Amino acid sequence: MARRLPPPPDVARTTSTQHRWALEQELDEVLIRWFLDATLSEQTLTRMSETVQRFARRLAATGVGSFTDVTPAQARGFVMAPLPDGFGPEVHTKHARRTAVRVLYRTLRVLGYDVGDPTLDLALPPRGVRAARVDAGHRMGTG
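Counting in my numbering, the sequence shown runs from 25 upward without gaps.
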């Protein structure tokens, strides 16, 4: 039986480095744009930056070379990924992750990248507090 040999180490390393470099370059452009635009609060900028950096690390670890190559399944995997304790994320965490990815892709489009939003069809349950308030308003005849 024929056996497929891996590429020589320097070729594999170059490919991995190129993937990581493209993602890092795209991410740097987005983060600089967010910082220079000054439309996000400091707390939001910090939180969203951390979130998209985790997204980029996850993509690089799976061999994705660019944000332009991300599939809806990969974006969904990130949004739904369990927390370090092994439990699934709360609804607000899922919404925060999806929002960060959406803003990332919106910014990439502004920067001239030909990308869509891989979270476009990712439906999430409503945020708990908001849904409870709407339901309470309907029951009380005010909604």
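Cβ atoms here follow ideal geometry from the backbone N, Cα and C, with glycine treated the same way.
No experiment lies behind these values; they were computed from the predicted model shown.
Looking at 103, 66 and 87, the one whose alpha-carbon comes closest to that of residue 123 is 103. Assignment of residue 86 by DSSP, reduced to helix, strand and coil, places it in the coil class.
Taking residue 55 as the centre and dropping the five residues before and after it, the same chain places the C-beta of 73 closer than 7 Å to its C-beta, in chain order. In the structure shown, the three-state DSSP call for residue 105 is coil. If you check the CB distance, residue 76 and residue 83 do not come in under 8 Å. The closest CA to that of residue 49, considering only 114, 66, 106 and 135, is found on 135.
Rounded to whole angstroms, residue 62 and residue 132 show a C-alpha spacing of 17 Å. For residue 126, the three-state secondary structure derived from DSSP is helix.
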